[in-house]
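Same order as they appear, the protein sequences are chains A and B.
Here the first sequence stands for residues 1 to 368, where the numbers follow UniProt numbering.
Here the second sequence stands for residues 1 to 371, where the numbers follow UniProt numbering.
Beta carbons are placed, not taken as given, at the ideal position from N, Cα and C, and that holds for glycine.
Below is one structure, written out as structure tokens; the observations come after it.
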Amino acid sequence: MKRFLAFVKKEFFHIFRDSRTLLILFGMPIAQILLFGYVITTDLKDVQIAIYDPTPSEVTQGLVHKLESSGYFIVDQYLSSPDEAESAFKTGDIREVIIFEAGLAEKLKRDGKGDIQLLIDASDPNMGNLINQYTRGTILKYQQQINEGPAVSGGIEVESRMMFNAGLDSVYMFVPGTMALILMLISAMMTSISIAREKEMGTMEVLLVSPLRPLQIILGKVTPYVALSFINAVTIIVLGNTVFGVPVKGSLLLLMAESLLFILLALSLGILISTVSKTQQVAMFISLFALMLPTILLSGFIFPIESMPDILQGLSLLMPPRWFITIIKNIMLKGAGMPFVWKETLILLAMILFFIIMSVKKFKIRLE
Amino acid sequence: MRTILYILRKEFTQIFRNKTMLPIIFVVPVVQLVVLVFAANMELKNIDMTVLDRDKSSTSQRLIAKFSGSPYYNVTFSEASIDKSADDLYADKSDMVLHIPQHFERDLHNYKQADLQVLINAINNTSASLMNGYTQSIVMDYNKDIMLEISQKQPQTTDQLEVESSFWFNPELNYKIYMLPGILVVLVTVIGMFLTAMNLVREKEIGTIEQINVTPIRKHHLLIGKLVPFWVIAMFELAFGLSIGYFFFDLPIEGSLVSLFGFGSIYLLVALGIGLFLSTITDNQQQVMFLAYFFMLTFILMSGIFTPADSMPEWAQTINYINPFYYFIRAIRMILLKGSAFIHVLPEALSLLTYALIIFTLALWRYRKTV
Numbered sequence: 001m002k003r004f005l006a007f008v009k010k011e012f013f014h015i016f017r018d019s020r021t022l023l024i025l026f027g028m029p030i031a032q033i034l035l036f037g038y039v040i041t042t043d044l045k046d047v048q049i050a051i052y053d054p055t056p057s058e059v060t061q062g063l064v065h066k067l068e069s070s071g072y073f074i075v076d077q078y079l080s081s082p083d084e085a086e087s088a089f090k091t092g093d094i095r096e097v098i099i100f101e102a103g104l105a106e107k108l109k110r111d112g113k114g115d116i117q118l119l120i121d122a123s124d125p126n127m128g129n130l131i132n133q134y135t136r137g138t139i140l141k142y143q144q145q146i147n148e149g150p151a152v153s154g155g156i157e158v159e160s161r162m163m164f165n166a167g168l169d170s171v172y173m174f175v176p177g178t179m180a181l182i183l184m185l186i187s188a189m190m191t192s193i194s195i196a197r198e199k200e201m202g203t204m205e206v207l208l209v210s211p212l213r214p215l216q217i218i219l220g221k222v223t224p225y226v227a228l229s230f231i232n233a234v235t236i237i238v239l240g241n242t243v244f245g246v247p248v249k250g251s252l253l254l255l256m257a258e259s260l261l262f263i264l265l266a267l268s269l270g271i272l273i274s275t276v277s278k279t280q281q282v283a284m285f286i287s288l289f290a291l292m293l294p295t296i297l298l299s300g301f302i303f304p305i306e307s308m309p310d311i312l313q314g315l316s317l318l319m320p321p322r323w324f325i326t327i328i329k330n331i332m333l334k335g336a337g338m339p340f341v342w343k344e345t346l347i348l349l350a351m352i353l354f355f356i357i358m359s360v361k362k363f364k365i366r367l368e
Numbered sequence: 001m002r003t004i005l006y007i008l009r010k011e012f013t014q015i016f017r018n019k020t021m022l023p024i025i026f027v028v029p030v031v032q033l034v035v036l037v038f039a040a041n042m043e044l045k046n047i048d049m050t051v052l053d054r055d056k057s058s059t060s061q062r063l064i065a066k067f068s069g070s071p072y073y074n075v076t077f078s079e080a081s082i083d084k085s086a087d088d089l090y091a092d093k094s095d096m097v098l099h100i101p102q103h104f105e106r107d108l109h110n111y112k113q114a115d116l117q118v119l120i121n122a123i124n125n126t127s128a129s130l131m132n133g134y135t136q137s138i139v140m141d142y143n144k145d146i147m148l149e150i151s152q153k154q155p156q157t158t159d160q161l162e163v164e165s166s167f168w169f170n171p172e173l174n175y176k177i178y179m180l181p182g183i184l185v186v187l188v189t190v191i192g193m194f195l196t197a198m199n200l201v202r203e204k205e206i207g208t209i210e211q212i213n214v215t216p217i218r219k220h221h222l223l224i225g226k227l228v229p230f231w232v233i234a235m236f237e238l239a240f241g242l243s244i245g246y247f248f249f250d251l252p253i254e255g256s257l258v259s260l261f262g263f264g265s266i267y268l269l270v271a272l273g274i275g276l277f278l279s280t281i282t283d284n285q286q287q288v289m290f291l292a293y294f295f296m297l298t299f300i301l302m303s304g305i306f307t308p309a310d311s312m313p314e315w316a317q318t319i320n321y322i323n324p325f326y327y328f329i330r331a332i333r334m335i336l337l338k339g340s341a342f343i344h345v346l347p348e349a350l351s352l353l354t355y356a357l358i359i360f361t362l363a364l365w366r367y368r369k370t371v
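Laid out in structure tokens, this is it:
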């Protein structure tokens with residue numbers, strides 16, 4: 001035990017002596033959570049549009065004004081012919097062209113009917129969909145306004161309540177996701193590379209002939225990183241709460257315990273990676289390359305898992321961050337307690353167990 | 001020139017001799033490209049909806065039929081209270097709850113306002129607004145029909161604006177052809193940038209850089225030798241990924257391939273140049289890896305690949321001026337999907353070219369200092 005403690009102390013010193021790495025390790029999550037919290041949003045804002053209006057009138061101008069004051073759209077240019085739409089799209093920034101038919105205002109007056117055509121850049125289908133919905137919504141509202149009140153009394157009124165995120169804020173989605181992403185990658189990279197480094201530099205042999213047992217060596221290597229990652233987790237939660245107003249409705253203690261669990265999982269995955277790779281380069285590529293995109297794409301971080309094809313939904317079951325994201329969203333946003341997250345917790349535990357057993361097995365083989 | 005060729009030969013041999021790295025370089029990206037392209041989809045399907053029908057009238061049942069008839073909704077019924085049903089939202093068993101109160105039909109027939117309550121799980125704000133949008137439009141539609149029937153007469157003549165939408169460049173709203181180029185750019189860059197960054201640092205860490213430094217090789221020879229092999233590999237992967245997209249995912253190639261590869265080759269100079277620069281300011285692989293990871297992840301998430309760059313705050317769009325991803329993701333999508341010509345992406349290309357010059361100067365300068 002005394003030997004082990006000495007080893008842990010040595011490892012701590014080793015990390016804390018390298019102030020540059022330390023700065024990266026602590027500074028990175030802070031910078032990232034701040035950046036992503038502000039930047040990653042799926043809201044529509046300031047979409048640049050172009051207008052073709054051959055016969056400007058009060059009606060068309062009123063609608064354009066309505067679109068602009070919604071905050072979703074900015075009129076970037078007026079076209080002098082519908083044929084210019086194509087080049088407006090191709091130069092990049094225009095995402096929608098609104099074409100009013102000639103004499104729209106008069107036709108409305110005369111026949112009670114007028115045509116508006118929307119050309120939408122749907123190369124990004126999500127955006128295309130949203131732009132279409134928002135424009136149509138605005139036109140509908142405008143129409144009711146020029147028709148002076150509802151024509152028929154009564155009718156169905158839908159009262160929607162947005163649960164757990166009344167303001168429809170993007171950060172509610174992204175703070176838990178970013179937390180999972182950062183903890184997963186940093187923790188796994190740290191351990192995987194630190195053991196692979198000993199191997200590459202040849203110092204692993206020295207450690208192996210020391211009286212420390214393999215398990216002790218691994219635990220000794222991991223302990224300082226548990227502390228480091230835990231500080232990172234706390235920082236992220238504090239920033240999410242104070243800067244972005246993401247609530248912690250459930251028990252803080254439970255949240256911390258689950259974060260610790262997830263950190264242990266990521267670290268043990270890192271160890272497994274390091275036991276199978278001979279060089280730092282390989283360890284890094286596996287931990288970074290194999291984890292980054294799948295974590296972003298398959299964990300429900302940005303894209304809803306339910307929309308994925310069945311095979312990918314199955315694959316996402318194997319992604320540790322998926323379970324962690326569910327857990328922290330449930331605790332932070334819904335205020336759920338253990339009864340709602342025990343299943344996910346058990347899955348994380350089982351994964352840790354699996355990674356540890358696998359690494360111990362692999363590690364022993366190397367000893368022979 | 002001959003020195004460079006020798007260095008190149010040495011670097012290439014070293015890459016191809018490394019049997020563990022080869023599959024990582026060539027197989028992993030392809031697998032990720034093919035698999036992950038299916039994941040990036042914001043479209044909503046299978047909305048699990050719990051219906052509490054307190055009215056049990058023909059009017060309410062017809063409304064429910066509208067929902068169960070739509071491909072978007074999986075309708076289940078509940079007799080529980082609205083609070084009890086909200087528990088389903090907590091437990092993720094349901095995405096939304098529709099409550100049809102008693103006297104729904106009676107109110108409608110008496111020309112009173114009939115209220116429907118909808119509870120939506122809004123943790124994912126995009127899904128929530130889409131769900132709300134679909135629900136509202138189904139109800140509005142139904143509302144129109146039902147009011148017509150009740151009043152038994154033609155609607156009063158009011159001003160009607162007919163809106164017709166056409167979706168350009170991707171009329172089938174196929175998410176894969178939008179995401180594939182983006183994911184490909186990420187993969188190509190990760191490979192290129194990390195290989196470059198690790199390579200030089202590794203020589204430093206294991207001491208072989210000293211040996212190179214005492215040879216008559218000039219600095220820029222060495223840097224070119226360290227850059228070109230990975231540039232070639234990355235270009236190859238770009239071409240390979242595009243072919244996969246073209247043959248298996250119906251990726252359109254509207255614009256010219258020459259402009260695409262022209263742009264790509266400049267872009268890779270920047271991406272690899274950043275890797276090179278990072279390797280000159282760090283002492284070991286661990287540092288360079290964390291630094292590179294930091295820049296990569298930040299650049300990726302800010303580039304507009306997954307979330308629209310136009311919606312970001314002003315200052316973030318300013319930061320994007322130093323984000324190489326931002327330029328290339330934009331350009332590759334414009335050229336492939338919209339058929340934009342090189343002239344349309346010329347400003348981006350010039351920015352990247354300037355960027356490349358700056359980053360190489362920095363790398364050359366830093367390298368001299370550290371030795």
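Going by DSSP, what residues sit across from residue i in a beta bridge?
{"i": "Glu157(A)", "result": "Asp115(B)"}
{"i": "Ile357(A)", "result": "In the DSSP output, where bridge partners are listed per residue, Ile357(A) has none listed."}
{"i": "Ser165(B)", "result": "Leu118(A)"}
{"i": "Ile120(B)", "result": "Met162(A), Met96(B)"}
{"i": "Gln160(B)", "result": "Lys113(A)"}
If I follow the unbroken beta strand (DSSP E) through residue i, where does it start and stop?
{"i": "residue 416(B)", "result": "Past the edges of chain B, shown from 1 to 371, lies residue 416(B), and the structure says nothing about it."}
{"i": "Ile193(A)", "result": "It is not in any beta strand (DSSP E) - Ile193(A) instead sits in the alpha helix (DSSP H) that spans 171-201."}
{"i": "Val97(B)", "result": "96-100"}
{"i": "Asn74(B)", "result": "73-77"}
{"i": "Phe73(A)", "result": "73-78"}
{"i": "Ile51(A)", "result": "47-52"}
Residues of chain B with a CB under 7 angstroms from the CB of residue i: which are they?
{"i": "Met173(A)", "result": "Ile123, Asn124, Asn125"}
{"i": "Ser170(A)", "result": "Asn125"}
Look at the alpha carbon of residue i and the alpha carbon of residue j, and state the distance between them as a whole number of angstroms.
{"i": "Ile233(B)", "j": "Ser287(A)", "result": "21 angstroms"}
{"i": "Val341(A)", "j": "Tyr225(A)", "result": "26 angstroms"}
{"i": "Val75(B)", "j": "Phe67(B)", "result": "7 angstroms"}
{"i": "Ile123(B)", "j": "Met131(B)", "result": "12 angstroms"}
{"i": "Asn129(A)", "j": "Pro82(A)", "result": "22 angstroms"}
{"i": "Thr203(A)", "j": "Leu312(A)", "result": "41 angstroms"}
{"i": "Ser194(A)", "j": "Pro324(B)", "result": "30 angstroms"}
{"i": "Phe73(A)", "j": "Tyr142(A)", "result": "15 angstroms"}
{"i": "His220(B)", "j": "Leu364(B)", "result": "7 angstroms"}
{"i": "Ile365(A)", "j": "Phe77(B)", "result": "Below a pLDDT of 50, predicted positions are generally treated as unreliable, and Ile365(A), at 48, falls in that range; the measurement from the model is reported next regardless. If I take the Cα positions, the gap works out to 56 angstroms."}
{"i": "Ile82(B)", "j": "Lys45(B)", "result": "24 angstroms"}
{"i": "Met284(A)", "j": "Leu200(B)", "result": "15 angstroms"}
{"i": "Gln32(A)", "j": "Ile7(B)", "result": "38 angstroms"}
{"i": "Arg9(B)", "j": "Ile209(B)", "result": "17 angstroms"}
Over the uninterrupted alpha helix (DSSP H) stretch that includes residue i, give me the two end residues.
{"i": "Ala39(B)", "result": "Element bounds for Ala39(B): n/a, residue is neither H nor E."}
{"i": "Gly264(B)", "result": "257-280"}
{"i": "Thr126(B)", "result": "125-151"}
{"i": "Tyr321(B)", "result": "Element bounds for Tyr321(B): n/a, residue is neither H nor E."}
{"i": "Glu96(A)", "result": "Glu96(A) -> not in any alpha helix (DSSP H); beta strand (DSSP E) instead, spanning 96-100."}
{"i": "Met284(A)", "result": "280-284"}
{"i": "Pro29(A)", "result": "19-39"}
{"i": "Glu203(B)", "result": "175-206"}
Going by CA-CA distance only, name the one from the options that's closest to residue i.
{"i": "Asp115(B)", "options": "Asn125(B), Ser127(B), Met140(B), Asp95(B)", "result": "Met140(B)"}
{"i": "Val97(A)", "options": "Arg197(A), Ser194(A), Leu108(A), Gln77(A)", "result": "Gln77(A)"}
{"i": "Ala91(B)", "options": "Ile352(A), Met351(A), Gly335(A), Ile356(A)", "result": "Gly335(A)"}
{"i": "Met358(A)", "options": "Ser274(A), Ile146(A), Pro294(A)", "result": "Ser274(A)"}
{"i": "Val27(B)", "options": "Thr208(B), Ile266(B), Leu187(B)", "result": "Leu187(B)"}
{"i": "Phe294(B)", "options": "Ile218(A), Val47(A), Gly27(A)", "result": "Gly27(A)"}
{"i": "Ile263(A)", "options": "Val243(A), Leu254(A), Val248(A), Phe230(A)", "result": "Phe230(A)"}
{"i": "Leu272(B)", "options": "Ile217(B), Pro347(B), Met193(B)", "result": "Met193(B)"}
Closer than 8 angstroms by beta-carbon distance: list the chain A residues that pair up with residue i, in chain order.
{"i": "Asn118(B)", "result": "Strictly speaking, residue 118(B) in this sequence is Val, with Asn absent from that position. Those within 8 angstroms of Val118(B) in chain A are Val158, Glu159, Ser160, Arg161."}
{"i": "Ile24(B)", "result": "Val282, Phe285, Ile286, Phe289"}
Which chain A residues sit within Cβ distance under 7 angstroms of residue i?
{"i": "Ala40(B)", "result": "Leu297, Phe303"}
Below 9 angstroms on C-beta distance, what does residue i contact in chain A?
{"i": "Glu164(B)", "result": "Asp115, Ile116, Gln117, Leu118"}
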